[in-house]
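Undergrad: Once you know that position 215 of the sequence shown is 215 in the numbering used here, the rest is easy, because the numbers rise by one and skip nothing. Using N, Cα and C, we set each Cβ at its ideal position, and we do this for glycine too. So that we are looking at the same thing, I have put the structure below in structure tokens.
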Amino acid sequence: MPEIRLQNLRKDYGALTVIEDLNLSMADGEFTVLVGPSGCGKSTTLRMIAGLESVTDGQIMIGDRDVSRLEPKERDLAMVFQDYALYPHMNVARNMSFALRLAKMGKSEINKRVAEVAETLDLTAYLDRKPAELSGGQRQRVAMGRALVRDAGTFLFDEPLSNLDAKLRGQMRAELALMSQRIKKNMIYVTHDQVEAMTLGDKIVVMKFGQIMQSGTPEDLYRNPANKFVAGFIGSPTMNFLNAELVEESGVLHAQGAGFSIPLPAQRAASLQSHKRRNVHLGIRPSSFTQSDAGIPMKIILSEYIGAQSVLVSELGGERISIEVNTVAPIKAGETRNFTVQADEIHLFDPQTEAAL
Ligand SMILES: Nc1ncnc2c1ncn2[C@@H]1O[C@H](COP(=O)(O)OP(=O)(O)OP(=O)(O)O)[C@@H](O)[C@H]1O
Ligand SMILES: [Mg+2]
1 MPEIRLQNLR
11 KDYGALTVIE
21 DLNLSMADGE
31 FTVLVGPSGC
41 GKSTTLRMIA
51 GLESVTDGQI
61 MIGDRDVSRL
71 EPKERDLAMV
81 FQDYALYPHM
91 NVARNMSFAL
101 RLAKMGKSEI
111 NKRVAEVAET
121 LDLTAYLDRK
131 PAELSGGQRQ
141 RVAMGRALVR
151 DAGTFLFDEP
161 LSNLDAKLRG
171 QMRAELALMS
181 QRIKKNMIYV
191 THDQVEAMTL
201 GDKIVVMKFG
211 QIMQSGTPED
221 LYRNPANKFV
231 AGFIGSPTMN
241 FLNAELVEES
251 GVLHAQGAGF
261 SIPLPAQRAA
271 SLQSHKRRNV
281 HLGIRPSSFT
291 QSDAGIPMKI
301 ILSEYIGAQS
311 VLVSELGGER
321 ISIEVNTVAP
331 IKAGETRNFT
341 VQADEIHLFD
351 PQTEAAL
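This is the structure:
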């Protein structure tokens with residue numbers, strides 16, 4: 001499959017610019033996830049790639065073909081929509097084979113493909129049923145199957161799991177991951193759910209207000225967020241942010257705030273010299289706290305038991321923070337415990353630009 005490139009892509013609705021100068025390459029066989037809050041332009045971007053929405057400026061390249069102004073059917077794409085739009089009067093088999101029949105494919109080839117995809121999606125037993133006789137999850141799979149039988153070069157998904165309950169969502173997510181490993185096509189997947197993005201994507205593209213905030217592997221984005229927005233968006237429970245000042249004490253740089261002074265690793269001191277005595281935003285993931293008598297005393301306001309983990313809510317530097325601990329001996333609300341912070345897992349951000357320091 002050829003590489004897909006978005007070059008200086010722009011979309012205006014009248015005077016409103018919803019996508020501004022977007023640049024992105026998606027490699028051959030890559031699973032790319034566009035993720036971001038509601039209204040950030042994910043669907044618009046996907047619909048421009050599909051050819052369902054016109055491009056105001058810029059190019060969409062598939063390999064060395066500029067497809068920006070081509071009809072959808074000339075782009076070798078298959079799309080799964082959020083509201084799966086099945087034909088109610090057709091059974092599952094006919095819904096799945098609709099595009100193939102339209103393309104005048106031979107009957108035996110159609111039957112073969114439908115049977116194969118139905119098998120993969122666990123729909124073999126339902127091929128004769130109408131959509132009204134299926135559960136939401138089964139309908140979702142039919143919508144998926146309808147795209148998959150087409151054997152297109154690229155698959156586009158717009159929140160395909162959003163109508164499912166949590167359990168089915170997890171199941172379908174795993175199915176999709178397995179399927180994409182097997183067929184190795186280009187997949188572009190839109191979601192506002194960061195867990196879905198992290199578990200499915202080879203590459204995640206985090207968007208805000210029609211712009212890319214950062215793109216990279218899930219590990220990249222989790223370990224080295226480029227700015228405060230990405231840091232707060234990726235990871236669950238979300239990162240804690242505290243106001244702090246960078247202060248040197250006996251030769252060691254510390255992030256200090258109301259009630260805490262956290263030494264920073266020596267290897268970071270050099271790049272932070274110019275920020276000495278300046279305010280920063282300190283980012284600490286809930287999992288970066290460790291219980292230790294030498295640590296900062298924190299009163300637990302709330303203890304959320306999840307199972308193997310518990311999330312404790314406390315206060316530090318005047319902010320409410322979350323702490324993730326293994327539930328060995330449960331900690332109750334009202335207790336005070338001491339915690340140290342894993343210094344090499346600390347994130348610092350410029351308070352003005354919000355860029356990572
Ligand atoms: N036809 C339209 N006319 C005017 N504005 C539009 C139109 N379609 C979308 N928009 C605006 O463009 C912006 C991006 O919309 P888009 O549907 O791409 O968001 P999204 O990231 O997919 O959000 P969601 O997660 O809610 O689906 C929004 O502010 C939306 O109001
Ligand atoms: Mg959308």
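#1: Could you tell me whether the segment 341-349 touches the segment 277-290, where touching means 3 or more Cβ pairs closer than 8 Å?
#2: Rounded to a whole number of angstroms, what is the C-alpha to C-alpha distance between ALA15 and THR56?
#3: Tell me, which residues are paired with HIS254 by DSSP?
#4: So if DSSP puts PRO297 in a beta bridge, which residue, or which two residues, is it bridged to?
#5: Just mark ASN186 as buried or exposed, buried being the case when its beta carbon has 16 or more other beta carbons within 10 Å.
#6: Going by DSSP, what residue range makes up the alpha helix (DSSP H) through ILE306?
#7: When a residue counts only if its C-beta is closer than 5 Å to some heavy atom of ligand 1, which residues count, in chain order?
#8: Taking C-beta to C-beta, are GLN340 and SER292 nearer than 7 Å?
#9: Reducing DSSP to helix, strand and coil, say where ALA355 ends up.
#10: Nearest by alpha-carbon distance to GLY376: which of GLY317, MET90 and MET26 is it?
#11: I'd like the list of long-range same chain contacts for GLU91, defined as Cβ closer than 8 Å, with 5 residues on each side in sequence excluded.
#12: How many Å lie between ASN279 and LEU52 at the Cα?
#13: Runs of 3 residues minimum, wholly inside the segment 61-99: which ones carry the beta strand (DSSP E) assignment?
#14: Rounded to whole angstroms, what's the CA-CA distance from GLN309 to PRO330? Just pull it up for me.
#15: Would you kindly check if the distance between the Cβ of ASN95 and the Cβ of VAL142 is under 7 Å?
#16: Could you tell me the distance, in whole angstroms, from the CA atom of SER322 to the CA atom of GLU3?
#17: From ALA294 to PRO37, what does the alpha carbon distance come to, in whole angstroms?
#18: Only counting the same chain, and skipping five residues up and downstream in sequence, which positions put a Cβ closer than 8 Å to that of LEU77?
#19: Going straight from the alpha carbon of TYR189 to that of THR45, what length do you get?
#20: Return the residue from the list ASN227, ARG277 and ASN8 that minimises the CA-CA distance to THR353.
#21: Between PRO263 and the rest of its own chain, which residues show a CB-CB distance below 7 Å, the 5 nearest in sequence each way excluded?
#22: So ARG169 packs on LEU200, CB below 8 Å; how close in whole Å?
#23: Give the single residue among GLY137, ASP158 and GLY259 whose Cα lies nearest to the Cα of ALA166.
#24: Helix, strand or coil: which one does DSSP assign to VAL114?
#25: Just how far apart, CA to CA, sit ASN8 and SER68?
#26: Terminal residues of the continuous beta strand (DSSP E) containing ARG10?
#27: So if DSSP puts THR154 in a beta bridge, which residue, or which two residues, is it bridged to?
#28: Identify the continuous beta strand (DSSP E) that holds LEU348 and give its terminal residues.
#29: Would you give the residue range spanned by the beta strand (DSSP E) that LEU34 belongs to?
TA: So, to answer that:
#1: yes
#2: C-alpha separation (whole angstroms): 12 Å.
#3: VAL247 and PRO263
#4: DSSP lists ASN338 as partners of PRO297.
#5: buried
#6: Run containing ILE306: none; DSSP gives neither H nor E here.
#7: TYR13, VAL18, SER38, GLY39, CYS40, GLY41, LYS42, SER43, THR44 and HIS192
#8: Checking the displayed sequence, the identity of residue 340 turns out to be Thr instead of Gln. Going by C-beta atoms, THR340 is nearer than 7 Å to SER292.
#9: strand
#10: An answer regarding residue 376 cannot be provided, because it is not within the stretch 1 to 357 covered by the chain.
#11: The question names Glu, but residue 91 is Asn in the sequence shown. Closer than 8 Å at the Cβ level, and outside the excluded window around ASN91, lie LEU127, ASP128, ARG129 and LYS130.
#12: 47 Å
#13: 77-80
#14: Roughly 10 Å between the two C-alpha positions.
#15: Yes, they are a contact pair.
#16: 41 Å
#17: For the pair ALA294 and PRO37, the Cα-to-Cα distance works out to about 39 Å.
#18: ILE49, ALA50, GLY51, ALA152, GLY153, THR154, PHE155 and LEU156
#19: Distance between the alpha carbons of TYR189 and THR45 is about 11 Å.
#20: ASN227
#21: VAL252, HIS254 and ALA343
#22: Not really, about 12 Å apart at Cβ, beyond 8 Å.
#23: GLY137
#24: helix
#25: 12 Å
#26: 4-13
#27: LEU77 and ASN186
#28: 347-349
#29: Note, LEU34: beta strand (DSSP E), 31-35.
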